[in-house]
Amino acid sequence: MGFFELRGRALVAMILITSGLDFLLFGYDQGLFGGILAGSRFQDMLGRPNSTMTGLVTAVYDIGCAIGAVAAFVFGERIGRKKSIIAANVIVIIGAAIQTASYSYAQMVVARIIAGVGVGLSTVAVPILQSETLQAHNRGALLVVQSALIIIGVAIASWLCFATLHAESSLQWRFPVACQCLFSLIILAFCPFLPETPRWLASRGQNDKAREVISRLLDKPTDDAEVEGQLNEILDAIAAESTEGEPTWSEVFTNGTKTRNLHRVLLGMGPYMMNQWSGINALCYYLAYILQEYLHYSQSMALILAGVAFTQYAIFSWPPYFYIDRIGRRWSVMASSTACAVCMALLAGCLAAKTYAAAAAGVAFMFIYLDCFTLGILPVSWSYSAEIQPLRVRNKATAVGVFSHWMSNFVVVMVTPIGLESIGGHYFWIWAVVCASFVPLTYFFGVETSGRTLEQIDQMFFENPRVCMGLNAENRTVIRSSRIDEETRAKAFAKLGQKEEEIVDLEKVAT
1 MGFFELRGRA
11 LVAMILITSG
21 LDFLLFGYDQ
31 GLFGGILAGS
41 RFQDMLGRPN
51 STMTGLVTAV
61 YDIGCAIGAV
71 AAFVFGERIG
81 RKKSIIAANV
91 IVIIGAAIQT
101 ASYSYAQMVV
111 ARIIAGVGVG
121 LSTVAVPILQ
131 SETLQAHNRG
141 ALLVVQSALI
151 IIGVAIASWL
161 CFATLHAESS
171 LQWRFPVACQ
181 CLFSLIILAF
191 CPFLPETPRW
201 LASRGQNDKA
211 REVISRLLDK
221 PTDDAEVEGQ
231 LNEILDAIAA
241 ESTEGEPTWS
251 EVFTNGTKTR
261 NLHRVLLGMG
271 PYMMNQWSGI
281 NALCYYLAYI
291 LQEYLHYSQS
301 MALILAGVAF
311 TQYAIFSWPP
321 YFYIDRIGRR
331 WSVMASSTAC
341 AVCMALLAGC
351 LAAKTYAAAA
361 AGVAFMFIYL
371 DCFTLGILPV
381 SWSYSAEIQP
391 LRVRNKATAV
401 GVFSHWMSNF
411 VVVMVTPIGL
421 ESIGGHYFWI
431 WAVVCASFVP
441 LTYFFGVETS
451 GRTLEQIDQM
461 FFENPRVCMG
471 LNAENRTVIR
481 SSRIDEETRA
491 KAFAKLGQKE
501 EEIVDLEKVA
511 T
């Protein structure tokens with residue numbers, strides 16, 4: 001065993017820690033500009049931009065993230081999940097260093113794009129790494145850790161910006177910006193301990209390496225029946241869907257295959273789009289800015305309220321750990337969407353009233369909205385796409401979903417200052433209506449992935465495909481599997497593989 005070869009729970013913990021830090025960085029970037037944007041020294045450096053230019057310098061980061069998702073589409077499958085994460089964090093460090101040294105609006109825009117490319121690449125690779133290495137019976141619960149750390153990153157950014165608020169120099173914003181480098185350096189230090197995923201290795205014909213990784217994840221010998229069974233199930237899924245060569249662009253966007261790639265790409269895009277079109281980043285990016293510019297709180301009080309809101313947001317991101325695998329992804333999204341729609345409608349009404357009492361109530365509904373969002377839409381959005389996609393095009397299909405996420409993010413962040421300036425509190429009616437639409441969309445089209453292995457999810461599309469997959473009762477069923485159930489299933493595949501080998505041997509003897 002090499003120095004870097006962790007096994008069992010230690011290896012799973014390392015995957016969760018490294019992936020979590022990557023998404024903590026993602027959350028930190030989301031909360032960063034909301035904390036520094038209204039600062040006088042930062043505004044002076046940018047040249048006191050108007051609302052359109054303010055929206056652009058904030059949202060252009062998402063253009064970079066979309067470019068990173070395209071890079072994952074083109075190169076990610078070729079280099080694998082682990083190398084993608086390493087490359088992503090090197091790019092983030094370069095972008096963050098240039099941002100820290102910025103002395104003009106144009107320099108900040110370019111640096112934001114570069115950092116965004118790294119984050120976009122990692123937000124494709126990390127969910128796939130986790131979905132392909134974590135066990136089915138608690139995969140959803142463990143993926144909640146990832147989404148919770150996004151919010152912790154937002155909270156850290158908000159409080160750090162408050163801590164540097166009274167600095168008598170550009171340190172007020174340069175120090176929080178420079179901290180992006182710290183997170184990426186820690187991630188790079190942990191990357192040698194990460195394995196490549198067994199599904200990616202098997203898809204490249206490296207079956208012995210795939211078996212070794214499964215052995216490490218289960219902390220069992222390579223010749224154990226469960227290890228052999230999991231590998232056989234993966235190989236069977238590859239055999240059922242594979243053709244020679246790399247998957248093409250056109251293959252991702254067609255239903256002409258047994259795996260119904262286009263259908264699953266669209267399903268995978270759904271939660272990513274819901275994440276953004278819920279209006280969450282109209283608040284995450286601009287909460288302190290909204291409190292200061294539109295509700296007339298002082299900069300200090302606005303940052304305190306934003307810090308408290310995001311801290312509460314982080315606390316409420318943990319309860320899904322205990323129920324997301326029990327009630328499933330579908331009900332988590334539908335309940336969360338309903339509550340978010342109600343909060344946005346009430347928030348719009350409060351801001352339209354333009355009284356002190358209504359403004360105070362509006363702040364309360366902002367807090368409650370953040371909690372409702374993180375209890376359902378958030379954790380599902382960052383796990384579902386990687387779960388739903390077929391192995392052969394998983395990297396490319398997930399990249400398409402992440403691209404849609406970041407482009408939607410760009411639109412939301414770009415138009416929010418303009419929308420608030422033009423129609424004030426009525427802007428939030430838009431998000432109320434959109435959130436409400438998520439409920440029927442999820443009910444009719446969404447399939448349940450909780451408790452299912454990635455290969456069992458494939459079977460739903462092999463056996464009974466239809467456009468409204470959610471209308472099939474079996475596709476809505478939450479499977480409450482246990483560790484013992486998974487072990488039994490894997491051993492069954494091991495026995496099946498042995499029987500197939502015996503048949504092949506008999507055929508050879510007969511000939």
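Okay, so the sequence shown: first residue is 1 according to the numbering used here, each after it adds one.
By construction, the Cβ of each residue, glycine as well, lies at the ideal position given by its N, Cα and C atoms.
What separation, rounded to the nearest whole angstrom, lies between the Cα atoms of residue i and residue j?
i, j, result
"I503", "T257", "Bear in mind that the predicted position of I503 carries a pLDDT of just 47, short of 50, making it unreliable; the figure below should be weighed with that in mind. When rounded, the distance between both Cα atoms is 29 Å."
"G47", "E132", "47 Å"
"D325", "A167", "46 Å"
"W382", "G401", "10 Å"
"Q107", "L165", "23 Å"
"I529", "S104", "Outside the shown range of the chain (1 to 511) lies residue 529, about which nothing can therefore be said."
"V342", "L235", "46 Å"
"R7", "L21", "20 Å"
"V411", "G470", "29 Å"
"C340", "A348", "12 Å"
"E5", "F75", "26 Å"
"L391", "S385", "12 Å"
"Q456", "L295", "51 Å"
"M53", "A157", "22 Å"
"K83", "F183", "17 Å"
"M460", "N475", "7 Å"
"K508", "C468", "Because the pLDDT of K508 is 47, which lies under 50, any placement of that residue in the model is unreliable, and the number read from its coordinates should be weighed accordingly. K508 and C468: Cα-Cα distance of roughly 46 Å."
"I128", "P195", "13 Å"
Of the residues the options, which one's Cα is nearest the Cα of residue i?
i, options, result
"G451", "I430, E474, F462 and I479", "I479"
"V333", "M414, I238 and E448", "E448"
"T197", "I186, Q230 and Y105", "Q230"
"N275", "R174, M407, F445 and G34", "M407"
"F26", "C284, A239, G349 and L441", "C284"
"L346", "A335, A359 and S336", "A359"
"Q292", "D224, I214, P417 and I186", "P417"
"T100", "S51, G55, M45 and I67", "M45"
"N261", "L305, L295 and V393", "V393"
"G279", "T259, Q299, M414 and A155", "M414"
"M301", "G35, D22 and F462", "G35"
"Q312", "I151, I327 and E228", "I151"
"A352", "E421, F445 and P465", "E421"
"G270", "I86, Y356, L378 and V144", "L378"
"H426", "A59, C350 and A88", "C350"
"F438", "L454, D458 and V380", "V380"
"A436", "C161, S336 and F365", "S336"
"G120", "M14, G362 and T398", "T398"
"A10", "L218, C65, A306 and A178", "L218"
"V12", "I67, V145 and V60", "V145"
For residue i, name the three-state secondary structure that DSSP assigns.
i, result
"I280", "helix"
"Y285", "coil"
"W318", "coil"
"K354", "coil"
"C468", "coil"
"Y294", "coil"
"I67", "helix"
"P127", "helix"
"P271", "helix"
"F461", "helix"
"Q135", "coil"
"V447", "coil"
"L21", "helix"
"E168", "coil"
"L506", "Summary for L506: the model assigns pLDDT 42, below 50, so the residue's position carries little reliability; its value from the coordinates is reported in the next sentence. Reduced to three states, the DSSP call for L506 is helix."
"L11", "helix"
"G349", "helix"
"M1", "Note that M1 scores a pLDDT of 45, beneath 50, so its modelled location is shaky and nothing firm can be said."
"S583", "An answer regarding residue 583 cannot be provided, because it is not within the stretch 1 to 511 covered by the chain."
"S437", "helix"
"R480", "coil"
"D224", "coil"
So within the region 69 to 116, which uninterrupted alpha helix (DSSP H) runs reach at least 4 residues, ignoring any that extend past its ends? Within the region 69 to 116, the complete alpha helix (DSSP H) runs of at least 4 residues are 81 to 100.
Which parts of the region 186 to 221 are runs of the alpha helix (DSSP H), unbroken and 4 residues or longer, counting only runs that do not cross its ends? 198 to 203 and 207 to 218
Where in the region 32 to 58 do unbroken runs of the alpha helix (DSSP H), each at least 4 residues long, occur, reported from the N-terminal end onward? Under the rule that a run must span 4 or more residues, the alpha helix (DSSP H) segments found entirely inside the region 32 to 58 read 40 to 46.
If we require 4 or more residues per run, which alpha helix (DSSP H) segments fall completely within the region 386 to 427? The region 386 to 427 contains these whole alpha helix (DSSP H) runs: 394 to 423.
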